[in-house]
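In this note's numbering, the protein residues as written are 143 to 404.
Presented below is the structure to which this report refers.
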Amino acid sequence: MISPPYLYGRGRRRPADVLLRSIPSWFGSYVEPFLGGGARAIAVLERFPDTTVRLNSLSAEQLLVWAVLRNDVETLIDLVAEHADRHSARHFDAVRRWGGEGALTAKSDAERAARFVYLSGTAAGNALAGSLDDFAGATLARDTVAFDSANLRALSRLLGARDVRLDARPLFDLLPVIREDDVVSLEPPAGAATRELRSFVGSVTAKGAFLLLGGPRGLGGPGGPDDDAPASWPGLTRVAGDPGDPPQWLNGALARALRSPR
């Protein structure tokens, strides 16, 4: 089984097998507006080889990992291995501050991607992976680097054999590429704006796409609605899960498709 290319600890991500049980056996493209670790996308790539997969993130560094994996995996592996050989608190701090005054500077796409993998595999909780500050406030947590070269090669082969589109668009700028019968797996980060998410869900549903919404605890941010906030949104159905799991909702098109498979 192929794993994500970096550690990712922002919130509790839904296991890939749960996603596969929650989407129909037939659909158009797969769209992930908030790229996390990539486990869900990898599962779709493995199960549905003819499907176009669109991965979106506002972190250019995060997207570079996937682009370099596809195009230059051996350089990425060599660079991460160099970080692993030099790993120490001092090296971690120097890499974390790349671009800052007196700090090391990454020059190539592969160097930037290797930095992301290295910091994701050593930072406390990986909490900043994929954030717009790109580890500016990260702290060291591991004596060794979480890094699997064989897994990166396997993922590179998978990406090279599939139709994978990488985007860095604001949420609503994705709407023109979403079509009827596409699967949209929406896992917003903690603190995402509830009003914006609700409007996006409505727009996706109006297009006839299948939407699976996973809500982090406290959807809506501090002082916002509780876990059941989307329960009042028109057309959404809460999906039963294991105790303690983050909540999950389906839109009407997806619920009907699951009830009446082709």
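Ideal Cβ placement from N, Cα and C applies to all residues, glycine included.
- With contacts defined as CB atoms closer than 9 Å, Leu297 and Pro147 qualify as a contacting pair.
- Taking the CA atoms as reference points, Arg311 sits about 7 Å from Ser199.
- Taking C-beta separations shorter than 7 Å and ignoring five residues to either side along the sequence, the partners of Arg189 in its chain run Leu162, following chain order.
- As the crow flies, the alpha-carbon of Leu282 is around 6 Å from that of Thr264.
- Counted as a single uninterrupted DSSP element, the alpha helix (DSSP H) harbouring Phe258 occupies residues 251-262.
- DSSP, read as helix, strand or coil, puts Ser327 in strand.
- The criterion of a C-beta distance shorter than 9 Å is not satisfied by Leu197 and Val319.
- Under the criterion of beta carbons closer than 8 Å, Ser145 and Asn293 qualify as touching, at roughly 5 Å.
- Within its own chain, the residues whose Cβ lies closer than 7 Å to the Cβ of Ala256, once the five positions on either side in sequence are excluded, are Leu218, Leu221, Val222, His225, listed in chain order.
- Residue state for Asp220 is assigned as helix, using DSSP reduced to three classes.
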